[in-house]
Amino acid sequence: MSTNLIAKLGIQIVASSVTLGMCCENHKVIAAEIPRHEEPVTEKITQNPPISTEEKEADIEINVIEKLLNEPVFSPFRQEGTVKDSTRPIYVITGEEMEAQGARTVREALKFLPGILGDGTVGTEVNALSGQLIRGSNTGQVLILLDGRPINNAGSGGFDLSEFTTNNIQRIEVLPGGGSTLYGSDAIGGVINIITRRPTEKITTEAKVNIGAYGLNQQSIQNSGKKGDVSWVVGYNRTQTKNNYPFSIPEANFSG
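Take the sequence shown: its position 174, counting from 1, is numbered 218 in our numbering, and each next residue is one higher.
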């Protein structure tokens with residue numbers, strides 16, 4: 045009776061100044077000597093330098109400029125485009141800006157733009173006929189558009205924007221200077237395009253109450269929505285005021 049003994053593969057690690065690795069297979073012994081590193085292993089961590097306040101402000105300014113340049117506009121092209129694509133100056137007033145300004149009407153929203161004057165009856169603000177003067181042009185030379193369609197009065201050529209509330213306005217585009225090439229002779233002084241909001245599938249109801257000086261008391265409610273191919277915007281607006289705004293009349297000296 046004979047017995048065959050076969051050594052199994054094994055590994056032995058001894059912790060000392062050196063580490064010995066030993067293995068054997070079929071009676072063959074292999075030894076390996078691996079030196080142990082005494083130096084501690086350090087991890088190098090690279091950190092980016094802190095961002096200064098000036099750099100943060102510059103990044104914010106760049107983001108704001110990019111947002112303004114990518115603002116969609118219609119008036120300079122009579123089709124969809126962006127501000128950066130326009131070769132002419134254009135002003136855009138968004139609905140958020142009008143709300144922040146507290147502008148109740150389109151006329152009040154335009155008061156903050158350079159080169160535009162909304163003239164009205166002496167000393168009054170509410171229920172006063174007003175026109176728009178852009179860079180010295182008269183009211184009949186400024187074209188007023190509602191979603192790209194003219195709404196100027198056929199007789200006088202103007203339009204009273206003091207009665208046009210901002211409740212349902214998405215943005216206002218103002219194209220100063222001559223726009224006759226695109227819009228005809230009514231746009232010699234410029235173009236004011238009022239873009240309204242588009243109703244969504246979600247039915248929404250908004251209510252606002254404004255009070256102010258000189259007895260101003262204003263309430264408005266609006267409902268909008270969309271079902272299939274039918275969309276609607278229904279609203280009611282009421283404004284009450286004493287309308288006794290202060291004004292001054294220049295005195296003329298007719299003495300001869």
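Beta carbons: idealized from backbone N, C-alpha and C, even for Gly.
Quick caveat: nothing in here was measured; it's all calculated off a predicted structure.
Count Cβ pairs between the stretch 250-268 and the stretch 193-207 that sit closer than 8 Å; are there 3 or more?
No, they do not touch.
Identify the residues that DSSP records as bridge partners of A251: which are they?
In the DSSP assignment, A251 is bridged to I265.
With three or more beta-carbon pairs closer than 8 Å as the criterion, would you say the stretch 129-148 touches the stretch 212-222?
yes
Helix, strand or coil for L190 per DSSP?
Reduced to three states, the DSSP call for L190 is strand.
Does the stretch 174-193 come close enough to the stretch 241-254 to have 3 or more Cβ pairs within less than 8 Å?
no
Spell out the partners DSSP gives V320 in its beta bridges.
Because the chain is modelled from 45 through 300, residue 320 falls outside the range shown and cannot be assessed.
For L205, which three-state DSSP category applies?
helix
Can you tell me which of the three DSSP states E217 falls into?
strand
By DSSP, does L157 sit in helix, in strand, or in coil?
coil
Closest residue to N281 among F208, L187 and P243 (Cα-Cα distance)
F208
Tell me the DSSP bridge mates of N237?
According to DSSP, N237 bridges with L189 and E217.
Mind checking A147: buried by the 16 CB within 10 Å criterion, or exposed?
When all chains shown are included, A147 counts as buried.
Could you tell me the boundaries of the alpha helix (DSSP H) in which Y227 lies?
S224 to Y227
Is N70 helix, strand or coil when you go by DSSP?
In this prediction, N70 has a pLDDT of 49, which is less than 50 and means its spatial position is unreliable; what the coordinates show is noted afterwards. Note: N70 maps to coil in three-state DSSP.
If I follow the unbroken beta strand (DSSP E) through Y135, where does it start and stop?
Y135 to T138
Nearest-angstrom beta carbon gap, V277 and S268 [assumed within contact, 8 Å]
5 Å
I188 versus R242: straight-line alpha-carbon distance, rounded
20 Å
In the DSSP assignment, what residue or residues form a beta bridge with N281?
S264
What does a CB cutoff of less than 6 Å around K286 pick up in its chain, not counting 5 residues either side in sequence?
Y258 and G259
According to DSSP, is T183 part of a helix, a strand, or is it coil?
Of the three classes helix, strand and coil, the one that applies to T183 here is helix, per DSSP.
Do the CB positions of S206 and R151 come within less than 8 Å of each other?
In this structure, R151 lies closer than 8 Å to S206 by Cβ.
If I measure Cβ to Cβ from T210 and keep anything under 7 Å in the same chain, skipping five residues before and after, which residues do I get?
M142, A147, R148, T149, V150 and A153
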